[in-house]
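Protein chains: 2
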Amino acid sequence: MLPDPAGTLPLPEEALRARAATWFGELRDRLVAAFEAIEAIAAGEGSAGEGPFPARFQREVWDRPGGGGGVMSILRGSVLEKAGVNVSVVDGVFSEAFRARIPGAAADGRFWAAGISVVVHPRSPLVPAAHMNTRMIVTSHHWFGGGADMTPVFPVAEDTAVFHGALRAACEAAHPEHWPRFKAWCDEYFWLPHRGEPRGVGGIFFDELASPDAEADFRFVRDVGVAFLEAYPAIVRRRMGDPWTAEQKRAQLIKRGRYVEFNLLWDRGTRFGIETGGNAEAVLMSLPPEVAWP
Amino acid sequence: MLPDPAGTLPLPEEALRARAATWFGELRDRLVAAFEAIEAIAAGEGSAGEGPFPARFQREVWDRPGGGGGVMSILRGSVLEKAGVNVSVVDGVFSEAFRARIPGAAADGRFWAAGISVVVHPRSPLVPAAHMNTRMIVTSHHWFGGGADMTPVFPVAEDTAVFHGALRAACEAAHPEHWPRFKAWCDEYFWLPHRGEPRGVGGIFFDELASPDAEADFRFVRDVGVAFLEAYPAIVRRRMGDPWTAEQKRAQLIKRGRYVEFNLLWDRGTRFGIETGGNAEAVLMSLPPEVAWP
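Chains V and G, in that order, give the protein sequences.
If you count by my numbering, then the first sequence holds residues 1 to 294, one letter each, in order.
If you count by my numbering, then the second sequence holds residues 1001 to 1294, one letter each, in order.
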């Protein structure tokens, strides 16, 4: 990028930015449809739950004071006790304190970012919680980041294999190193040092993905979203009918406490959102609906 | 202190250290007795609750791998849904990374610390939660720190006045500047920037208290403990019989979520404990038993 002391040049990759923002919105629509279909099945079967049937996502638009904003979609369902899908397209200028920490922002603090973030906390302790997030960030550089991971209370090897298998296929279609590298990165990232335990059974995590082929990177990001869409709702459907005990529910509430500990103590994304004055409700949408510390 | 390249000199204030450690244990015993008396009243009145009556504190001894340890006392009661009193006496050597952040530790990383930490989460949303902590820390310097604050869901001016009044009296007996300074420090410390709201109704907070008269500082620390002991259990007794609604209980669970957010995102004591490899159960004993994020 040319030197631009006045900050008047456009940020790069304008066309790709527009397509990424559109994609995140499309993926949101497909995820919302998949999750609402699960609630419709439960309603059809007359499952017990709270509120009107079948439960639907409620949308809430939010503006970011510094520029841009997002749409938070939240479902409080019978099967999916709390599911949140947040899409955002924001832009602005990083504070001096942040510039040194952000690639390509040292000389020109302007940024643009778009992304989707999905967190699902099912009511049943036998249905794994899950998270998926992908984003595009543009400063004087541009790159992609994201990941997907699953947090069962009682891991089932078959479910883990399905979830990992879908992400592995997305990775291997893009680059032979992606799967081993991003899987290991996920295990390292979603780790609770103070407990000496992982948050869940992992998946993938990646950041600063900026290969010479931006189209290939964007295709990979889309494939990660589709892999999550194809794998996770199917796992929910397979387990949602299994009866659970009060002891299993209690174990879930305690496991969720570890989830909160990770997100608030260690998650860099949460801290970044909080420290940059992000919408607190959107940043903390990931927190489970009910939690216990014994 | 004399230069001591071999690290063989004793840390200062050995006699005061022993008395401080003894005091924290005594205060723990008096707090435990006051809280168990509350549970005995509830059991005598046949209040509804969980578990055997009256509920008693359970003690758990823990060792710190680097040196020393503590005793965690936890009550899961009918009135006091979760009350924890932790005393610890630890010593060791600060890591290089910590030395620069700790007064008097740059040249000699050895430290000694003793303290008491109390957190109470009552079952009733009409009874305020409360916290009190005092500690003595010794490097090549020595100082006291601590504080006490109250977190009602529905603040009652009379209770706040009783709580603040007791702490104010302890402050004013020590130094005319303590109350205005430590009250303001508390308001500043227990603040959730991402929510733009305080954790509770405040109290006092102080750190690095090291006046020329260490005896006076220690007397103040004891007075803070006694003030908490005299004020808070009396507030619990006054409110514990009031009937509450499901809406009030729900508001309590959500207010507790803010408490968790503060402790995990912002509380320097929690972060210090976690980062120095403190006992996770003891450090996180402060977290409420049941929490909700709507």
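Heads up, the beta-carbon is just placed ideally off N, CA and C, and yes, glycines get one too.
Residue 1134 of chain G is positioned such that its CB atom lies closer than 9 angstroms to that of residue 1146 of chain G. Residue 75 of chain V: member of the beta strand (DSSP E) spanning 68 to 75, first to last residue. The beta carbons of residue 231 of chain V and residue 165 of chain V sit closer together than 9 angstroms.
For residue 1213 of chain G, no alpha helix (DSSP H) segment is defined, and its DSSP state is neither H nor E. Residue 237 of chain V is not bridged by DSSP to any residue. Residue pairing by DSSP puts residue 88 of chain V in a beta bridge opposite V/70, V/115.
In this structure residue 74 of chain V does not touch residue 163 of chain V by the C-beta definition: roughly 23 angstroms separates them, more than the 8 angstroms allowed. With a cutoff of 9 angstroms on beta-carbon distance, residue 240 of chain V and residue 155 of chain V are scored as not near each other. Residues of the stretch 1173 to 1203 of chain G that bring their beta carbon within less than 9 angstroms of a beta carbon in chain V comprise 1192, 1193, 1194, 1195, 1196, in sequence order. The residue among V/98, V/88, V/129 with its C-alpha nearest the C-alpha of residue 136 of chain V is V/88. Within the same chain, and ignoring the five residues on either side of residue 1242 of chain G in sequence, the residues whose Cβ sits closer than 6 angstroms to its Cβ are 1126. Ranked by how close their Cα comes to the Cα of residue 13 of chain V, the residues V/272, V/41, V/138, V/128 have V/138 in first place. Looking at the backbone, the Cα of residue 1101 of chain G and that of residue 197 of chain V are separated by about 28 angstroms. By the 16-neighbour rule on beta-carbons within 10 angstroms, residue 211 of chain V is exposed. Between residue 77 of chain V and residue 116 of chain V, the CB-CB gap reaches or exceeds 9 angstroms. For residue 1027 of chain G, no CB of chain V lies under 9 angstroms from its own CB, so it is not counted at the interface with that chain. In chain order, 1036, 1039, 1075 place their CB closer than 8 angstroms to the CB of residue 1056 of chain G, counting only its own chain and leaving out the 5 sequence neighbours on each side. Closest option to residue 1207 of chain G, judged by alpha-carbon separation, among G/1033, G/1111, G/1269: G/1269. Using a CB distance cut-off of 9 angstroms, residue 1062 of chain G does not count as an interface residue toward chain V. For the pair residue 1290 of chain G and residue 1253 of chain G, the CB atoms are nearer than the 9 angstroms cut-off. Of the residues V/30, V/141, V/72, the one whose Cα lies closest to the Cα of residue 286 of chain V is V/72. By the criterion of a C-beta distance shorter than 8 angstroms, residue 229 of chain V is surrounded in its chain by 27, 30, 31, 34, once the five residues flanking it on both sides are discounted.
For the C-beta of residue 1292 of chain G, the chain V residues within less than 8 angstroms are, from N- to C-terminus, 289, 290, 291. Distance from the CA atom of residue 262 of chain V to the CA atom of residue 1083 of chain G, rounded to whole angstroms, is 24 angstroms.
Here the alpha carbon of residue 1091 of chain G sits roughly 16 angstroms from the alpha carbon of residue 1282 of chain G. Secondary structure note for residue 1138 of chain G: its beta strand (DSSP E) is the uninterrupted segment 1129 to 1138.
Around the beta-carbon of residue 1118 of chain G, 16 or more other beta-carbon atoms lie within 10 Å, marking it buried.
Within a 10 Å sphere around the beta-carbon of residue 257 of chain V sit 16 or more other beta-carbons, which makes this residue buried. Linking residue 1224 of chain G to residue 1184 of chain G through their CA atoms gives a straight-line distance of about 16 angstroms. By a beta-carbon distance limit of 8 angstroms, residue 1167 of chain G contacts residue 1227 of chain G. Their separation comes to about 5 angstroms.
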